[in-house]
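Undergrad: Below is one structure. I have some questions about it.
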Amino acid sequence: MQLIRQFELTAEEKYKMEGKIRGFFHAYVGQEAIAAGCMTATKPEDKFITAYRDHGLAIAKGMSVNACMAELYGKATGCAKGKGGSMHFFGKKENFYGGHGIVGAQIGTGAGLAFAENYRETDNVVLTFFGDGAARQGILHETFNMAMLWSLPVIFICENNNYAMGTSVQRTSNITDIYKLADSYEMPADEIDGMSAEAVHEGVSRAVKRAREKGGPTLLEIKTYRYKGHSISDPQKYRTKEEVEEYKSKDPISALLKTIYDTKIATEEEIGQINERVDAAVAESVKFAEESPWPDDSEVYKDIYVDQPQVIDTLLKRISLKSQNNTTGQIQDVIADYTFSNGKLTGFAASWGDTLSRFTY
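Residue 212 in this note's numbering is what sits at position 228 of the sequence shown, and the numbering runs on without skipping anything.
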């Protein structure tokens, strides 16, 4: 939690005071307990996918602060090779699938990742994060229906920090208790105190256990608060300083430190040593980012598409071997197997017939 906060505060300084970071920037300060509690409740093979306030979750999932800071600087050594920036962190090795700039878009993708885990017959789960603003998106309801229908191992986590940009939940939603949206789909749901890392860990652990045991999806509304604006240019006229200070008095890091000291898990001296290591790691990440090279001009057209003709050629050859009887089931099996074993096919037919004229890639 301390690493996430120090990273965010340092990056904000490099953006606002020194102008070394450009573009969008959405800080996670105040919400660290969610990232920490979710990390301790899951295993490395589990997948995370989120929206554009993604730095904290990426770090919690194991991404190096060097790669994260370099991405903010737009350098070639960044986690997305300097092409994604703040909103599009990505780490396949860490099973961190973004970082998505379109509000709510990651919700359906998260269910797709969970579908793949079911297809591969693993016990891995997917944590799909979104903000309270995305709870009004149509894709959320479509995805909830499909996730329940197929009993997908996905935990939908609404990080409710009270405001969608500058608009409160009360102004935009007839149902302000977002976890109740699950009722229409008979989906298990819970409301969690997002200012407590322990509460997050316990609530997420229950949902993860259910998903691993093939019990299907869960919706968790984790109530939290962001101390900073929606983005770095937000004047924050929609809330008072008194409101912000009230939430800061419930600071998740301070609350966890009190528990640590009360239970004698660590001493103040030991915590001080941890803080020193955190400060050193973040300082090193800045040095790493500033000394890293810019992406080469040739990179602008790379990492956009797979080799489409090669993918389709391979797929058609596989289909031809099994299509003597030309049954829908055989064709579907081939495409599904290729899709989830290679991860190269981005979509397939919505309608099946005796020919392949309707499938898309």
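All residues carry an ideal CB built from backbone N, CA and C; glycine is no exception. Keep in mind it's a predicted model, so treat the numbers as computed, not measured.
Going by DSSP, which residues form a beta bridge with Val110?
TA: Taking the first residue of the sequence shown as 1, we reach residue 110 at position 126. Val110 is bridged to Lys31, Val138.
Undergrad: Taking C-alpha atoms, which residue in Asn108, Thr93, Gly213 lies nearest to Lys151?
TA: For the purposes of this step, residue 151 is identified with residue 167 of the sequence shown, where counting begins at 1. The sequence given here has Thr at residue 151, not Lys. When only C-alpha atoms are compared, the closest one is Gly213.
Undergrad: Considering Cα atoms alone, identify which of Ile244, Phe74, Gly69, Leu(-7) is closest to Lys31.
TA: Residue 31 sits at position 47 when you count from the first residue of the sequence shown. Residue Phe74 is the option with its Cα nearest to Lys31.
Undergrad: Under 7 Å between the Cβ atoms of Ile43 and Val184?
TA: Working through the sequence shown from its first residue, we reach residue 43 at position 59. Working through the sequence shown from its first residue, we reach residue 184 at position 200. No.
Undergrad: Tell me whether Gln154 is buried or exposed, calling it buried when 16 or more other Cβ atoms sit within 10 Å of its Cβ.
TA: Working through the sequence shown from its first residue, we reach residue 154 at position 170. Per the 10 Å Cβ criterion, exposed.
Undergrad: List in chain order: all unbroken alpha helix (DSSP H) runs of 4+ residues lying wholly within the segment 182 to 252.
TA: Taking only runs of at least 4 residues, the alpha helix (DSSP H) segments lying wholly in the segment 182 to 252 are 225 to 232, 236 to 246.
Undergrad: Helix or strand or just coil, what does DSSP make of Ser152?
TA: On the sequence shown, position 168 is the one that residue 152 refers to. In this structure, Ser152 counts as strand in the three-state DSSP scheme.
Undergrad: Quick check on Ser70: buried or exposed, where buried means 16 or more other Cβ atoms within 10 Å of its Cβ?
TA: Mapped onto the sequence shown, residue 70 falls at position 86. It is buried - the Cβ of Ser70 has at least 16 other Cβ atoms within 10 Å.
Undergrad: First and last residue of the alpha helix (DSSP H) that includes Glu(-3)?
TA: By 1-based counting over the sequence shown, the position of residue -3 is 13. Where Glu(-3) is concerned, the enclosing alpha helix (DSSP H) stretches over -14 to 0.
Undergrad: Entirely within the segment 8 to 69 and at least 4 residues each: give me those alpha helix (DSSP H) ranges in chain order.
TA: Correct list: 16 to 24, 39 to 44, 49 to 57.
Undergrad: Looking at the strands, I want to know which residues DSSP matches up with Phe272.
TA: For the purposes of this step, residue 272 is taken as residue 288 along the sequence shown, with counting starting at 1. According to DSSP, Phe272 bridges with nothing at all.
Undergrad: Examine the Cβ distances between the segment 165 to 172 and the segment 119 to 129 and report whether three or more of them are shorter than 8 Å.
TA: Yes: the two stretches touch, three or more of their Cβ pairs being nearer than 8 Å.
Undergrad: Return the Cβ separation of Pro279 and Ala60 in integer angstroms, given the expectation that the two are a contact with Cβ distance under 8 Å.
TA: One-based indexing of the sequence shown puts residue 279 at position 295. One-based indexing of the sequence shown puts residue 60 at position 76. Yes, they are in contact, since the Cβ atoms of Pro279 and Ala60 sit about 4 Å apart, within 8 Å.
Undergrad: If we count the other Cβ atoms within 10 Å of its Cβ and call it buried at 16 or more, is Thr251 buried or exposed?
TA: Along the sequence shown, read from residue 1 onward, the residue named residue 251 stands at position 267. Looking at its Cβ environment, which holds fewer than 16 other Cβ atoms inside 10 Å, Thr251 is exposed.
Undergrad: Let me make sure I understand the geometry here. Which of Tyr103, Asn79, Gly115 has the alpha-carbon closest to that of Gly85?
TA: Here residue 85 corresponds to residue number 101 of the sequence shown, with the count starting at 1. Residue Gly115 is the option with its Cα nearest to Gly85.
Undergrad: Met(-15) to Leu56, Cα distance in whole Å?
TA: One-based indexing of the sequence shown puts residue -15 at position 1. One-based indexing of the sequence shown puts residue 56 at position 72. About 19 Å.
Undergrad: Any idea if Lys193 is buried or exposed, counting beta-carbon neighbours within 10 angstroms, 16 or more meaning buried?
TA: Within the sequence shown, the letter at position 209 stands for residue 193. Looking at its Cβ environment, which holds fewer than 16 other Cβ atoms inside 10 Å, Lys193 is exposed.
Undergrad: Identify, in the order they occur along the chain, each residue of the same chain with its Cβ nearer than 8 Å to the Cβ of Tyr231, setting aside the five sequence neighbours on each side.
TA: Against the sequence shown, residue 231 aligns to sequence position 247. Excluding residues within five positions, the ones whose Cβ falls inside 8 Å are Gly14, Met179, Tyr209, Tyr211.
Undergrad: Smallest Cα separation from Glu16: which of Tyr289, Trp134, Lys207, Asp246?
TA: For the purposes of this step, residue 16 is identified with residue 32 of the sequence shown, where counting begins at 1. If we check each option's Cα against that of Glu16, Lys207 comes out closest.
Undergrad: If you drop the 5 nearest sequence neighbours on each side, which residues of the same chain put their C-beta closer than 7 Å to that of Tyr(-1)?
TA: Locating residue -1 in the sequence shown gives position 15, counting from the first residue. Around Tyr(-1): Ile5, Phe9, Ile216.
Undergrad: Compute the beta-carbon to beta-carbon distance between Gly88 and Gly68, rounded to the nearest angstrom, for a pair I have assumed lies under 8 Å.
TA: Reading the sequence shown from its first residue, position 104 is the one you call residue 88. Reading the sequence shown from its first residue, position 84 is the one you call residue 68. No, Gly88 and Gly68 are not in contact; Cβ-Cβ is about 19 Å, not under 8 Å.
Undergrad: Do you know how far the Cα of Thr156 is from the Cα of Asp246?
TA: Taking the first residue of the sequence shown as 1, we reach residue 246 at position 262. Taking the first residue of the sequence shown as 1, we reach residue 156 at position 172. Their backbone Cα atoms lie some 41 Å apart in a straight line.
Undergrad: In three-state DSSP terms, what is Asn144?
TA: The sequence position of residue 144 within the sequence shown is 160, counting from 1. Asn144 falls in the strand class under three-state DSSP.
Undergrad: Mapping the DSSP letters down to three states, classify Asp280 as helix, strand or coil.
TA: Locating residue 280 in the sequence shown gives position 296, counting from the first residue. Asp280: coil per DSSP, three-state reduction.
Undergrad: Look at the alpha carbon of Thr127 and the alpha carbon of Ala51, and state the distance between them as a whole number of angstroms.
TA: Looking up residue 127 in the sequence shown gives position 143. Looking up residue 51 in the sequence shown gives position 67. So the two alpha carbons sit approximately 32 Å from each other.
Undergrad: Going by CA-CA distance only, name the one from Asp235, Gly94, Ala98, Gly7 that's closest to Gly392.
TA: The structure shown does not extend to residue 392, since the chain is modelled only from -15 through 345, so no value can be given for it.
Undergrad: Within the same chain, show all residues whose beta-carbon is closer than 8 Å to that of Ile91, passing over the 5 residues directly before and after it, in chain order.
TA: As a position in the sequence shown, residue 91 is number 107, starting the count at 1. The answer, listed in chain order, is Thr112, Phe114, Ala118, Gln121, Ile123, Leu124, Thr127, Phe140.
Undergrad: So the candidates are Asn259, Asp287, Leu204, Tyr147; which of them puts its Cα closest to the Cα of Leu241?
TA: Residue numbering aside, residue 241 sits at position 257 when the sequence shown is read from its first letter. Checked all of Asn259, Asp287, Leu204, Tyr147; the closest Cα to Leu241 is Asn259.
Undergrad: I need the straight-line Cα distance from Phe343 to Ala95, nearest angstrom please.
TA: Looking up residue 343 in the sequence shown gives position 359. Looking up residue 95 in the sequence shown gives position 111. Low confidence applies here, because Phe343 scores a pLDDT of 39, under 50, leaving its location unreliable; read the following figure in that light. Each residue's Cα considered, the two are about 21 Å apart.
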